[in-house]
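Each residue of the sequence shown is one higher than the last, beginning at 0 in numbering that gives the first Met the number 0.
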Amino acid sequence: MMAVVESAERTSSTAVSLRSLAPYLADCLVVGFGLFPLYMMITTSLKTDHEAFAWPPVWVFTPTFHSYLGALFGFGGRRADHYVFNSLLITLASSALAVSLGAMAAYGLARFRFRGNRDIAFYILSTRFAPPVAFIVPIYLMVQRSGLLDNALALVIVYTSMNLSLVTWVLRGFFLDIPIEIEEAALIDSLGDLFMERVPVRLDTGTRLCSHDTRLSRRLLGIDEYRLGGVYGSGHLGGAADHDLHPGFAAPSGAGPHLRRGQVRRCHVSNSTM
Numbered sequence: 000m001m002a003v004v005e006s007a008e009r010t011s012s013t014a015v016s017l018r019s020l021a022p023y024l025a026d027c028l029v030v031g032f033g034l035f036p037l038y039m040m041i042t043t044s045l046k047t048d049h050e051a052f053a054w055p056p057v058w059v060f061t062p063t064f065h066s067y068l069g070a071l072f073g074f075g076g077r078r079a080d081h082y083v084f085n086s087l088l089i090t091l092a093s094s095a096l097a098v099s100l101g102a103m104a105a106y107g108l109a110r111f112r113f114r115g116n117r118d119i120a121f122y123i124l125s126t127r128f129a130p131p132v133a134f135i136v137p138i139y140l141m142v143q144r145s146g147l148l149d150n151a152l153a154l155v156i157v158y159t160s161m162n163l164s165l166v167t168w169v170l171r172g173f174f175l176d177i178p179i180e181i182e183e184a185a186l187i188d189s190l191g192d193l194f195m196e197r198v199p200v201r202l203d204t205g206t207r208l209c210s211h212d213t214r215l216s217r218r219l220l221g222i223d224e225y226r227l228g229g230v231y232g233s234g235h236l237g238g239a240a241d242h243d244l245h246p247g248f249a250a251p252s253g254a255g256p257h258l259r260r261g262q263v264r265r266c267h268v269s270n271s272t273m
């Protein structure tokens, strides 16, 4: 009888322990499912070309850093330093222009009261409602006719126009939170209207943090952008002189909208007579 009781107690304790472990097992499955793409990205970057495209996938392999060394020091005519410099130049210029112009527009919308003030502010924000891909073709035609294809200036202008609405809307909210009495005191101290915008920016820490945060987010968008940089930086086949980072590496491989010279060959098809 005692043996039966002890066996029943062990069975119940085992069931309780399994039930307590079930949430942890479920968490492990969810985390593993989320990290599996990252694992595949890392392992694929450490494989050779043959192992990376093999099917079925190669799970056991000898890691190699050939791809990283080729990207950094030259691989197939590509140099990472040139593309990184282009990305930094484009993102820094576009973010500086967007924040500077957006701050002036936001200050005007926040301080000057006129009819349709809120409507104009909402209209500026509404330009972000449409996806950027909807404007690729018309902007491409304007860039092409302006002679700015394969030019970093085209991406600076496009990124600035894309980011300006969001920057204006965000900074407008911070300007509205600053008391107007601070600027009135500055006017009494003979500060001109031309420099009034600098008063809230210098005094309010939140505005400065917002400005830095907005500039950082715009820089990340500019660095991470692939679609627009690939279209406006590809005026001819193989022309990747002024590409930024992501399109620059995709262009010679034939990915996306780019095709390298020689990758498309003329195929002669002979018609056989019956």
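Glycine is no exception: its CB is placed at the ideal position from the N, C-alpha and C atoms.
Residues near residue i in its chain [Cβ-Cβ closer than 8 Å; skip 5 each side]
i	result
A120	L108, T167, W168 and R171
T63	L45, K46 and T47
V30	none
Same chain, Cβ closer than 6 Å to residue i, five either side skipped, listed in chain order
i	result
V155	I89, A92 and S93
L147	A153
Contact check, residue i vs residue j, beta carbons under 8 Å
i	j	result
N150	A97	no
S19	S44	no
I135	S164	no
F174	Y106	yes
First through last residue of the alpha helix (DSSP H) which encompasses residue i
i	result
P137	I135 to R144
D118	N116 to S125
I156	A151 to L175
A53	A53 -> no alpha helix (DSSP H), and no H or E assigned at all.
Best match in the options for proximity to residue i [C-alpha to C-alpha]
i	options	result
S86	A184, I179 and Y158	Y158
T61	V29, L152, S99 and T42	T42
I181	L34, R110 and R144	R110
R112	H81, P36, I179 and G69	I179
As assigned by DSSP and simplified to three states, the class of residue i
i	result
R18	helix
F35	helix
A25	helix
T90	helix
D241	Any reading at D241 must be qualified, since the residue scores a pLDDT of 49, below 50, and its modelled position is unreliable; no value is offered.
L147	coil
F60	coil
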